[in-house]
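To convert, count from 1 in the sequence shown and add 85; that's our numbering. We treat Cβ as the ideally placed atom computed from N, Cα and C, and that holds for glycine.
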Amino acid sequence: MNKTQLTDHLAAKTGMSKAAAKRAVDALFSTAPREGIIATAVSKGDRVQITGFGTFERRNRKKRMGRNPQTGASLTIPAAKYPAFVAGKSLKDRVQK
């Protein structure tokens, strides 16, 4: 399901207009600076927990040693922050059915 299909399903399920549903989906999932609720919270280091569905959070990856596959030279891969999603129990159970 893509963003347009999600918007259409939201409009049909809630009875809101497609334009209002698109604004709601954009408000939640946009990755533009200061627009998307989830992306903004996660980028600040906050957890977004939707009970039964899952949790969006920012995680930290430590720096580590790597190797250039062409030359074999060792190099340091810098520490990084990355977004993560952990599915909730209800979602996991539903997927198993």
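Inclusion of Leu-160 and Gly-173 in the CB contact set at 8 Å is not warranted, their separation being larger than that value.
Its chain contains Arg-143, Arg-144, Asn-145 and Arg-146 as the residues whose beta carbon lies nearer than 8 Å to that of Lys-166, once the 5 sequence neighbours on both sides are disregarded; these appear in chain order.
When DSSP states are grouped into helix, strand and coil, Thr-99 belongs to the helix group. The DSSP-derived three-state label of Arg-119 is coil.
In terms of Cα proximity to Ser-128, the closest of Gly-139, Gly-137, Thr-116 and Phe-138 is Thr-116.
The Cβ atoms of Phe-141 and Phe-114 do not sit closer than 8 Å to each other.
Here the alpha carbon of Met-101 sits roughly 8 Å from the alpha carbon of Leu-95.
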